[in-house]
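When we follow my numbering, the leftmost residue of the sequence shown carries the number 31, and every step to the right adds one. Single-structure report; data block below.
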Amino acid sequence: LKQVQEGVEFFDQIWKKVYSAQNANQKEKYEGDLKKQIKKLQRYRDQIKSWLTSNEIKDKRPLQDARKLIEQEMERFKVCEKETKTKAYSKEGLGLQPKTDPMAKAKNEVRGWIQEALDQLQTQIDTFEAESESTKAKKGLKPAEKTRIEQLETFTERHRYHQAKLEKILRMMDNDKITPQQVTEIQDNLQYYIHANQEADFVEDEELYTALNVGSDDDQ
Numbered sequence: 031l032k033q034v035q036e037g038v039e040f041f042d043q044i045w046k047k048v049y050s051a052q053n054a055n056q057k058e059k060y061e062g063d064l065k066k067q068i069k070k071l072q073r074y075r076d077q078i079k080s081w082l083t084s085n086e087i088k089d090k091r092p093l094q095d096a097r098k099l100i101e102q103e104m105e106r107f108k109v110c111e112k113e114t115k116t117k118a119y120s121k122e123g124l125g126l127q128p129k130t131d132p133m134a135k136a137k138n139e140v141r142g143w144i145q146e147a148l149d150q151l152q153t154q155i156d157t158f159e160a161e162s163e164s165t166k167a168k169k170g171l172k173p174a175e176k177t178r179i180e181q182l183e184t185f186t187e188r189h190r191y192h193q194a195k196l197e198k199i200l201r202m203m204d205n206d207k208i209t210p211q212q213v214t215e216i217q218d219n220l221q222y223y224i225h226a227n228q229e230a231d232f233v234e235d236e237e238l239y240t241a242l243n244v245g246s247d248d249d250q
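Here is the structure:
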């Protein structure tokens, strides 16, 4: 529930940034951040809904309050999203939108699937952390449970590694250090990692980012 409160406060901070943005690019970035945060809150709500069905939890009022708080933010997000779509599809907007050149279009497409990959990785991380916290809360952990916690921490660490690489790739592409076509070459292997990393016979491609020269931790 502490995560819910912190998540709602962070959502509110981003909300204020959206409506105080000085230009369209800044506003678009904050709207993207707002969407990511509401997705995170929605995942918390799904977890709370499952807790509410548990007979082990006697006092469910804090959970109900947290769920209501998240749903209020979801309604706020709908308002923001509706305003954004209305502006984008208004006659004035359509008349003023510049034509997208092929390179910009390619970058947008790559940015789209990378952002989706980042969201999928974050969803899995949230699941790992929720399971880990739930297991740690038990008294007298069994050896198998301790092993599972270590495994979940390893999964989380690996996912964050991939998130860092993907965010760096986006910066490199925006700065024209690599082309969208180069980035697209890792898409299939990245999707394999996201969808199969929990399978028993999964083998990770340790050279996934080598061709893109994303080895340094310095900003590109």
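A virtual CB, placed ideally from N, CA and C, is assigned to each residue, including glycine.
Range of the contiguous alpha helix (DSSP H) that encloses Asn55: 54-82
Per-residue burial, Ile144 [other beta carbons within 10 Å of its own, 16 or more giving buried]: Buried, because 16 or more other Cβ atoms sit within 10 Å of the Cβ of Ile144.
Spatial neighbours of Ile224 in its chain, beta-carbon cut-off 8 angstroms, leaving aside the 5 residues before and after: Ala147, Gln150, Leu151, Gln154
Beta-carbon proximity list for Lys121, same chain, < 8 angstroms, skipping 5 on both sides: Its pLDDT being 47, under 50, Lys121 is placed unreliably in this model, and the value from its coordinates should be taken loosely. Excluding the 5 residues flanking it on each side, Lys121 has no same chain C-beta neighbour closer than 8 angstroms.
Check whether Leu171 and Val213 have beta carbons under 8 angstroms apart: No, the pair does not count as a contact, with Cβ atoms beyond the cut-off.
Ordered list of alpha helix (DSSP H) runs contained in the segment 127-214, each at least 4 residues: 132-166, 173-204, 210-214
Cβ-Cβ distance between Arg20 and Ile100 below 8 angstroms: One cannot answer for residue 20 here, as it falls past the ends of the chain, which runs 31 to 250.
Beta-carbon proximity of Leu40 to Ile68, cut-off 8 angstroms: Per the sequence presented here, residue 40 reads as Phe, with Leu not at that position. It is not a contact, given that the beta carbons lie outside the stated cut-off.
Unbroken alpha helix (DSSP H) run spanning Lys47, endpoints: 32-50
Cβ distance (whole Å) where Leu64 is taken to contact Ile78 below 8 angstroms: Contact flag wrong, Cβ pair sits at about 21 angstroms.
Backbone secondary structure at Asn219 - three-state DSSP: DSSP places Asn219 in helix when its eight states are reduced to three.
Secondary structure of Ile100, DSSP reduced to three states: helix
Same chain, Cβ closer than 8 angstroms to Arg97, neighbours up to 5 away in sequence not counted: Arg75, Ile78, Lys79, Leu82
Nearest candidate by alpha-carbon position, reference Lys70, set Tyr49, Lys47, Val38: The option with the nearest alpha carbon to Lys70 is Val38.
Whole-Å CB distance - Leu196 paired with Phe158, under 8 angstroms assumed: So it is not a contact: roughly 18 angstroms between Cβ atoms.
Residue nearest to Glu111 in terms of C-alpha spacing, selected from Asp131, Lys57, Ala136: Lys57
Residue environment, Met133, which counts as buried when at least 16 other CB atoms sit within 10 Å: exposed
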